[in-house]
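Engineer: Just dropping this structure here.
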Amino acid sequence: MKLVVENVSRVFPGVRGGEPVRALEPTNLQVATNDFISVVGPSGCGKSTLLRIIAGLDRPSAGRVLLDGKPVAGPGPDRGVVFQSYTLFPWLTVADNIAFGLREKGLPERQRREIVASYIDKVGLRGFENHWPKQLSGGMQQRTAVARALANNPEVLLLDEPFGALDNQTRGLMQELLLGIWEREQKTVIFVTHDIEEAIFIGSRVLVMSARPGRIKTDMPVELAHPRHYTVKTSPAFSALKARLTDELRDEAVHAANEH
Amino acid sequence: MLRPLEPVGRSSRIVLGIAFFVLFVALWAFATFGGYVSRTFLADPLTMVSDGWNLLTVQGFSQDILVTVGRVLGGFALAAVIAVPLGILMGAYKPVEAFLEPFVSFARYLPASAFIPLLILWAGIGEMQKILVIFIGSVFNIILMVAVAVGHTRRDLMEAAYTLGSSDTGVVRRVMMPANAPEIAEILRLVLGWAWTYVIVAELIGSSSGIGYMIINSQALLATGQIIFGIIVIGIIGLISDFLFKAINRRLFRWRFA
Ligand SMILES: Nc1ncnc2c1ncn2[C@@H]1O[C@H](COP(=O)(O)OP(=O)(O)O)[C@@H](O)[C@H]1O
Ligand SMILES: [Mg+2]
């Protein structure tokens, strides 16, 4: 197993004497090498919490995360992250953003430039190398963020609703782009989303998380052949999966809504 | 119609800006030429101009201007060189903040001008004393403001850097510093403006050269035209330094202004 989540739970202390928030119930998850896992669940069910714990950006209240058998103690370049909010460094150009991790690694300039150029091509940003992030559209910023994470060649790529803020068309293109890269290069990926269609289209396995306190409720393989073309979204097999997951997720959404 | 936040065109902006100066001088001319204010207390604009001309051509006032500018830049540069790194450390590392913040917050409210008598005792009325006044007036403010700016670095950018392999010092050097560089430049611009008031006060109290010295000298001679000219010179130099600072920032931080 590439990545193992072992009884990981997270309780946030109550704010100003309030009840503590149980964001994540003890959760177990095993991710095989080159697996592409999508995680869906209603908003507030602990998806980001789980991802941040795997990334090492947050500490579990109990349990542990193992990467290649070694416990995760903090953030590191072996787990690349793409965030939902735009987190490109605004003072660096697209090329320098992508090169950021390579520079931290101390790679010589020439190698850096080669790797950056290849990822610029892969995410289709040729001609924008010297733009600043604020000159880019949201879709282009997230493509740069994906390239920045991948250029570092992480063992695991973690994405937290990376396309959540994009319009539908752009989002569809981004899904194909990410899926295409994964099909060609193989990578272990955990992809958080609240969009069922996106989860099925892009993932090899879909996890459904339950409403708060969050836990993994369903773990369903997606047996659609690769390479996947966007037309697969209209196939009967896809629709059947979608219907099942929609059902599961609806229960949770109702739960979550009743809680408030 | 005036609509909130509706932008104003470039040419009307310039015309409006100049219009206020014109109005101001017109009121001043009206009050003095019209005889509503005694000449002894307020010179009219023309007297001010001729007094200014006399100051520059006969009395060697340009020398005083240079001396004052030199003092401001000296004291300010010294303060910036010490305060910016300290501010960054304080903003980035909470124990450093806990150690320095209470004292710096206290020291910031010590009025620099109140130190002048003490500094005269310690350092005489030479250049060192002027530079120290400016230094004391600037250094604590810069430290504190830089610390606040650095302390408010976007968390998500720091986290992104960690996930890309940055070390703790790497995050300070490669995220906290560049992210706040424009902010720090802006703080320096602001504090430089304040440094001007400190230098003039220092020169009013114990000096034998500089713009402030000329002003206090003119008071004894009841030469209000010279005093006003001196004040206007300070304003103009302030305007120029502000303009230069902004132009440099715009060049240096194109990512922000692009
Ligand atoms: N830093 C925090 N402090 C307190 N509560 C938090 C914190 N982060 C998340 N939570 C709570 O934990 C729950 C799960 O949050 P999150 O993982 O962000 O959900 P999701 O990403 O699925 O929308 C939410 O109820 C949220 O309010
Ligand atoms: Mg989230």
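If you read the protein sequences in the order shown, they are chains X and F. Numbering of the first sequence is given in our numbering, commencing with residue -8 and proceeding in unit increments. Numbering of the second sequence is given in our numbering, commencing with residue 2 and proceeding in unit increments. In this text, a Cβ means the ideal position worked out from N, Cα and C, and glycines have one as well.
If you run the structure through DSSP and keep just helix, strand and coil, what is residue -3 of chain X?
Structural biologist: Of the three classes helix, strand and coil, the one that applies to residue -3 of chain X here is strand, per DSSP.
Engineer: Identify every residue that forms a DSSP beta bridge with residue 197 of chain X.
Structural biologist: DSSP, once it has assigned bridges, lists X/29, X/211 as partnering residue 197 of chain X.
Engineer: Just to confirm the assignment, what range does the beta strand (DSSP E) spanning residue 151 of chain X have?
Structural biologist: Per DSSP, residue 151 of chain X belongs to the beta strand (DSSP E) from 147 to 151.
Engineer: Quick check: residue 20 of chain F and residue 88 of chain F, are their CB atoms within less than 7 angstroms of each other?
Structural biologist: Their beta carbons are not under 7 angstroms apart, which means residue 20 of chain F does not touch residue 88 of chain F by this criterion.
Engineer: Which residues, in chain order, does the region 73 to 94 of chain X contribute to contact with chain F at a C-beta distance below 7 angstroms?
Structural biologist: Correct list: 74, 76, 78, 80, 81, 82, 91, 92.
Engineer: Check the C-beta distance from residue 28 of chain X over to residue 168 of chain X and give it rounded, since I have them as a contact under 8 angstroms.
Structural biologist: Residue 28 of chain X to residue 168 of chain X, Cβ: 18 angstroms. No contact.
Engineer: With burial defined as no fewer than 16 other Cβ atoms inside 10 Å of the residue's Cβ, what is the status of residue 221 of chain X: buried or exposed?
Structural biologist: It counts as exposed.
Engineer: Taking contact to mean at least 3 C-beta pairs separated by less than 8 angstroms, is the region 186 to 203 of chain F in contact with the region 39 to 55 of chain F?
Structural biologist: Judged by Cβ distances under 8 angstroms, the region 186 to 203 of chain F makes no contact with the region 39 to 55 of chain F, as fewer than three pairs qualify.
Engineer: What is the residue span of the beta strand (DSSP E) that residue 58 of chain X lies within?
Structural biologist: 53 to 58 is the span of the beta strand (DSSP E), which, as asked, contains residue 58 of chain X.
Engineer: Output needed for residue 26 of chain X: all residues of its chain with C-beta closer than 8 angstroms, excluding positions within five of it in sequence on either side, in chain order.
Structural biologist: These residues qualify, in order along the chain: -7, 179, 180, 195, 196.
Engineer: If we cut at 7 angstroms on Cβ distances, does residue 92 of chain F have a partner in chain X?
Structural biologist: Cβ-Cβ to chain X under 7 angstroms: no for residue 92 of chain F.
Engineer: Closer than 6 angstroms from C-beta to any heavy atom of ligand 1: which residues, in chain order?
Structural biologist: The set, ordered by position in the chain, is X/3, X/12, X/14, X/32, X/34, X/35, X/36, X/37, X/38, X/39, X/40, X/203.
Engineer: Which ranges does the alpha helix (DSSP H) cover as unbroken runs of at least 4 residues, wholly within the region 69 to 144 of chain X, from first to last along the chain?
Structural biologist: Runs found: 85 to 95, 100 to 113, 129 to 142.
Engineer: Considering just the uninterrupted stretch of the alpha helix (DSSP H) at residue 156 of chain X, what are its terminal residues?
Structural biologist: Taken as a continuous stretch (DSSP letters only), residue 156 of chain X belongs to no alpha helix (DSSP H), as it is neither H nor E.
Engineer: Have a look at F/164, F/208, F/215 and flag the residue whose alpha-carbon is nearest the alpha-carbon of residue 44 of chain X.
Structural biologist: When only C-alpha atoms are compared, the closest one is F/164.
Engineer: For the alpha helix (DSSP H) holding residue 89 of chain F, just list the boundary residues, first then last.
Structural biologist: First-last of the alpha helix (DSSP H) with residue 89 of chain F: 62 to 93.
Engineer: DSSP on residue 206 of chain X, reduced to helix/strand/coil?
Structural biologist: Correct three-state label for residue 206 of chain X: coil.
Engineer: Note down the Cα distance separating residue 177 of chain F from residue 92 of chain F, rounded to an integer number of angstroms.
Structural biologist: Cα-Cα distance, rounded: 9 angstroms.
Engineer: Report the CB separation of residue 166 of chain F from residue 67 of chain X in whole angstroms; it is logged as a contact under 8 angstroms.
Structural biologist: So it is a contact: roughly 7 angstroms between Cβ atoms.
Engineer: List, in order along the chain, the chain X residues whose C-beta lies closer than 7 angstroms to that of residue 171 of chain F?
Structural biologist: Result: 95.
Engineer: Taking just the CA atoms, how far does residue 133 of chain X sit from residue 26 of chain F?
Structural biologist: Cα to Cα, residue 26 of chain F sits roughly 55 angstroms from residue 133 of chain X.
Engineer: Residues of chain F with a CB under 8 angstroms from the CB of residue 99 of chain X: which are they?
Structural biologist: Within 8 angstroms Cβ-Cβ: nothing; residue 99 of chain X doesn't reach chain F, min ~16 angstroms.
Engineer: By a C-beta neighbour count over all protein chains shown, 10 Å radius and 16 as the cutoff for buried, is residue 64 of chain F buried or exposed?
Structural biologist: Residue 64 of chain F comes out exposed.
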